[in-house]
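Here's the structure, in structure tokens; my notes come after.
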Amino acid sequence: MIFTSLNDLLSRGRPLLERGPVALIFAEDAVEIASTVDHHVKAGFAGIVVFLSADIEIPAEAEEAAHWVRHERRAGEGIAPVVNAIIAAAPPTVWFYYCYNAEYLFFPFCEHRSVRELLAFHAEERRDAMLCYVVDLYAPDLGRFPDAVSREEAMLDQSGYYALSRYDAEAGKPKERQLDFFGGLRWRFEQHVPWDRRKIDRIALFRAQPGLRLRDDHTFNLEECNTYACEWHNNLTAVIASFRTAKALKTNPASAAQIDTFTWHNSARFEWHSQQLMDLGLMEPGQWF
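For what it's worth, my numbering labels the leading residue of the sequence shown as 4, then goes sequentially.
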């Protein structure tokens, strides 16, 4: 189904938001839209909604696999207003996920378990949101892949990730069970990335509830949703394998001319498998075995 606007989705497409989990995909350009949809279909989402501007063509091979919303974002406007409008329209307890095109969700044991199983277990642990790490992918040869995107030859950083305490200015101390995570291309090429866009943590999986609102820094106004674990033990975390940063660095004229390659001594071929991400310590299986 194709909707002419966000308001059209909220009017005619409200039933699509009533059975989760629902994946919300924001297409910033035409790169890898079909593969992004296909990956999340295979992950087991009940519905997939893609937001894209009028100048981006809907890929024919993915048209029947998702619902499409024509949405024009103003310059400098993030996706939070759209996500918050959907949260307000959805029944409480429905799970949502959001990402951009050329981004792919991985979670522990995703090769033989679905995202529905993941979230059912997470909900049993009394969790309403899940921390995800955005792990950068990039092509090894920018001469052959000038937009830095190659699914077949994708690389990732094996090391260089770190976390800092998230400070609570009102309380005058670090926030409990919250950290700011850094690494990947945003860390290695930080001179090209604004300081407020260098974090790689994103609360990308969450359950709708009254009053919940996404903020522009990919956190929520309800602080418990921003924690990486409950008070008793470690919880599941997930990874969003993403070409988005590499693509932006190579399409932005200010940085493109200064970057000849993204590979370095800690680059490795991405295996498109959750075990590799767990072995690298990039996501946590928690108590889920």
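All C-beta atoms, glycine included, are put in the ideal place defined by N, C-alpha and C.
Bear in mind the structure is a predicted one, so any value in this text is a computation, not a measurement.
By DSSP's assignment, Y164 forms no beta bridge with any residue. Pairing E274 with E173, the inter-Cα distance amounts to about 43 Å. In this structure L208 touches Y100 by the C-beta definition: roughly 5 Å separates them, less than 8 Å. Rounded to the nearest whole angstrom, the CA to CA distance from D131 to R205 is 14 Å. Unbroken beta strand (DSSP E) stretches of 3 residues or longer found wholly inside the stretch 236-284: 241-245 and 270-272, given in chain order.
In its chain, beyond the 5 residues on either side, A30, P62 and N104 have a beta carbon closer than 6 Å to the beta carbon of I36. With distances taken between CA atoms, D139 lies nearest to F246 out of E179, F246, Y107 and R180.
Comparing alpha carbon positions, the residue from G186, R218, D282 and R180 closest to A232 is R180.
With at least 16 other beta carbons inside 10 angstroms of its own, W98 counts as buried.
When only Cα atoms are considered, P288 and L239 end up about 5 Å apart. Judged by DSSP secondary structure, R205 falls within the beta strand (DSSP E) whose first and last residues are D204 to R210.
In the DSSP assignment, D11 falls within the unbroken alpha helix (DSSP H) covering L9 to R15. Here V34 is not near F54, since their CB atoms are 8 Å or more apart. Taking C-beta separations shorter than 7 Å and ignoring five residues to either side along the sequence, the partners of L217 in its chain run A83, V86, N87 and F223, following chain order.
Sixteen is the threshold: when 16 or more other Cβ atoms of the shown chains lie within 10 Å of the Cβ of E106, as they do, the residue is buried.
Distance check between R189 and each of A49, T230, E67 and G163 places G163 closest, using alpha-carbon atoms only.
As the crow flies, the alpha-carbon of E227 is around 42 Å from that of A260. Your pair K253 and I262 checks out as a contact, with CB atoms roughly 7 Å apart and the cut at 8 Å.
Classified as exposed, K176 has fewer than 16 neighbouring CB atoms from the shown chains inside 10 Å of its CB. In the DSSP annotation of this structure, E128 is not part of any alpha helix (DSSP H), being labelled neither H nor E. Rounded to whole angstroms, W235 and D58 show a C-alpha spacing of 49 Å. Looking at the backbone, the Cα of Q279 and that of A157 are separated by about 13 Å.
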